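Chemist: Positions in the sequence shown are counted from 1; adding 2 to them yields the numbering used here. Note that CB positions come from ideal geometry on N, CA and C, so glycine has one too. This one's a predicted model, so the numbers in the text were calculated from it and none came from an experiment. Following this message is one structure expressed as structure tokens.
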Amino acid sequence: MTKRKIGIGFGTWAWGNKLVWGYKPETDDILLKKTFFDAIDSGLDLVDSADSYGTGSLFGRSEKLIGDFLDELPKRKLKKITIATKLAPFPWRIGRNGLHKAFQESNQRLKANMTRVQLHWSTYRYAPWQEEQLLNGLGDLYEKGLIKEIGLSNTGPKRLSFLYKKMKERGIKINSIQMQLSLLTKPSLEDENIKNICDENEIEYLAYSPLGLGILTIPPNTSPKPKTFLRQKLFQRILPKTIELRTLISNIAKKYSASQAQVALNWVRSHGAKPIVGIRNPFQAKDASSALKWSLTKREKESLDFYRNKCLANMPQNPFTSP
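Structure below.
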């Protein structure tokens, strides 16, 4: 079997998020529109959003922007991309029909262009009975022809196996799993197990935060100050402990006349996962797509693996990720 070339998708968490990304609609929306079209024109083939992207009164903002932009996208281009969103299993979204209203609202914001609906995180740690119910509810929508594909997010290998089998019994495939994966996530056996389950069952492995909230793109000899307090704190904690790793990334980037972001994205691809890279401007869109033009050698991948294992700082893990 020939190995399929892994593409790159883009994420839209920042589109509407003031808290972490300092979003300003009056200046950002025009830029985000150009970013969106440049990303698709340059070969990024999956758009990832969530109903909870957008802080406070901007709830659902990311989906709304995407929906508006999709209105102007030619149908032939729309056919080539996957529009994926995630529905949040908030504690008040209860029972088998708990996500139905959220689905309808997301579908409206995305102008009925949704390809894949993903459960945003596992409820296993606070309401274990709820996870299967919600997924079955998505299965009901799938059987009615309202959803084309179903995916999971922040779900560990044990639950992934269990839920995959449960849906398979209904004749429904889980198409993808989305997990945090980058050179700054702690290597774990769980991660290896997830990859194996994906390979065995042809589940698409999607990696979010592949650039470690931008840390992996910072040259080794610089310490910039991000705009928001949350990212400032993260940079202060992680940057000083990642100089060796970022030096190696920088050296590999120079060899390919590429950016550090491209190296980090190609490391994710070398591990069999499709990176979902957050983009906020046209330069980032084009830069990310340039990573599709080259790949790491086996030796470069192994060197990066080695320095990742050695790294003294890691990204915080999602607290809701199930076993």
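#1: Going by C-alpha distance, which of 37, 312 and 12 is nearest residue 245?
#2: How is residue 41 classed by DSSP in three states: helix, strand or coil?
#3: In the DSSP assignment, the alpha helix (DSSP H) including residue 245 goes from what residue to what residue?
#4: Exposed or buried, residue 82, counting other C-beta atoms within 10 Å across all chains shown (16 or more means buried)?
#5: Quick check: residue 181 and residue 156, are their CB atoms within less than 8 Å of each other?
#6: How about residue 177 and residue 133: do their beta carbons lie closer than 8 Å?
#7: Can you give me the start and stop residues for the beta strand (DSSP E) that residue 181 sits inside?
#8: Where does residue 278 sit, in a helix, a strand or coil, going by DSSP?
#9: Looking at residue 174: is its Cβ nearer than 8 Å to the Cβ of residue 144?
#10: At which residues does the beta strand (DSSP E) containing residue 142 begin and terminate?
#11: Looking at residue 297 and residue 250, is the spacing between their C-beta atoms short of 8 Å?
#12: I'd like the ranges of any beta strand (DSSP E) spanning at least 3 consecutive residues and lying wholly in the segment 51 to 131.
#13: For residue 286, which option in 186, 307, 148 and 267 has the closest C-alpha, if you only look at C-alpha atoms?
#14: Going by C-alpha to C-alpha distance, which of 36, 85, 52 and 273 sits closest to residue 194?
#15: Taking the alpha carbon of residue 30 as the reference point, which residue from 42, 17 and 91 has its own alpha carbon closest?
#16: Look at the alpha carbon of residue 96 and the alpha carbon of residue 125, and state the distance between them as a whole number of angstroms.
#17: Helix, strand or coil for residue 194? Go by DSSP, reduced to three states.
Modeler: On the basis of the supplied data:
#1: Closest option to residue 245, Cα to Cα, is 312.
#2: DSSP places residue 41 in helix when its eight states are reduced to three.
#3: 245 to 257 is the span of the alpha helix (DSSP H), which, as asked, contains residue 245.
#4: Per the 10 Å Cβ criterion, exposed.
#5: Yes; because the gap between Cβ atoms is below 8 Å, this pair is in contact.
#6: For the pair residue 177 and residue 133, the CB atoms are not nearer than the 8 Å cut-off.
#7: 176 to 182 is the extent of the beta strand (DSSP E) around residue 181.
#8: Residue 278: strand per DSSP, three-state reduction.
#9: Contact flag set, yes.
#10: Run containing residue 142: none in the beta strand (DSSP E); it sits in the alpha helix (DSSP H), 130 to 145.
#11: One thing to note: residue 250 has its Cβ no nearer than 8 Å to the Cβ of residue 297.
#12: Those beta strand (DSSP E) runs which fall completely within the segment 51 to 131 and span 3+ residues are 84 to 89 and 118 to 121.
#13: Check the Cα spacing between residue 286 and each of 186, 307, 148 and 267: the tightest is with 267.
#14: Checked all of 36, 85, 52 and 273; the closest Cα to residue 194 is 273.
#15: Selection 42, 17 and 91 evaluated against residue 30 yields 17 as nearest (Cα-Cα).
#16: Looking at the two C-alpha atoms, the distance is approximately 11 Å.
#17: If DSSP states are grouped into helix, strand and coil, residue 194 belongs with the helices.
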